[in-house]
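In the numbering used here, the protein residues as written are 1 to 175.
Have a look at the structure below before the remarks.
In C-alpha cells form, the structure reads like this:
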C-alpha cells in the first residue's frame, strides 16, 4: 500500500512525520493518516512528496508486482547510459582523428555514426518517458477508481433500504 511505502521512504531519508509535514505545509496528523492508508495525498502533494524523498512518482507507487516493469525501465535506463557512453567515446575518437589529420571522408563517417547514436539515444529517452507517463496515468486511474468504489460503498451504507433512503441518527419509528 502507498502508506507503507511512504513510511519506508520517509524513514530511509531520516525524516520525521513532522519534518515531512512542515515541508509539505500540512499537519503531522495528515502524514500519519497517509502512512496508515486512512487517507491519500492529492496529486500535487504526491509530486511534492516524491521530490522531497528523492523518488520518481513511479517509485512511490510501485508495488511488488511492478518489479517486472521496473526491470524494463531499468534496462532502458541502462541502454540509454550505454548509448551515451558510446556517443562520448565516438566523440573522443573523432577528436583524436581530427588531431592526426584524418581525411574529411573519415571524419564525416564518424560524424554520421555519432548522429545515428544520438538519434538512438533520443528514441530510448522518449520510450522511457512514455513508459513513465503511462505508469503515472495508470496510478491516477487506480486512485480514481478506488475513490469511486469508496463513494459507492459510502452511498450504499448510508442510503440503504433500512432507513428508507435517508441517514437517521436514531432508530426509525415505523407506524
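C-beta atoms are modelled at their ideal positions from N, C-alpha and C, and glycine is treated no differently.
Inter-residue Cα distance where the pair is residue i and residue j
i           : j           : result
residue 89  : residue 74  : 22 Å
residue 137 : residue 96  : 47 Å
residue 119 : residue 86  : 12 Å
residue 20  : residue 10  : 8 Å
residue 18  : residue 27  : 8 Å
residue 94  : residue 113 : 10 Å
residue 42  : residue 129 : 22 Å
residue 116 : residue 127 : 17 Å
residue 5   : residue 125 : 27 Å
residue 15  : residue 81  : 31 Å
residue 3   : residue 135 : 19 Å
residue 139 : residue 47  : 13 Å
residue 22  : residue 38  : 20 Å
residue 99  : residue 107 : 11 Å
residue 83  : residue 151 : 48 Å
Classification of residue i by the beta-carbon crowding that lies within 10 angstroms, buried from 16 upward
i           : result
residue 31  : buried
residue 156 : exposed
residue 158 : exposed
residue 78  : exposed
residue 68  : For residue 68, the predicted structure reports a pLDDT of 45, less than 50, and the residue's modelled location is therefore unreliable. A value from the coordinates is still provided. Classification of residue 68: exposed, given that the 10 Å Cβ count is below 16.
residue 13  : exposed
residue 49  : buried
Local conformation of residue i per DSSP, three classes
i           : result
residue 154 : helix
residue 15  : coil
residue 40  : coil
residue 159 : coil
residue 25  : coil
Limits of the alpha helix (DSSP H) - the one that residue i falls within
i          : result
residue 48 : 43-52
residue 60 : 57-61
residue 32 : 28-35
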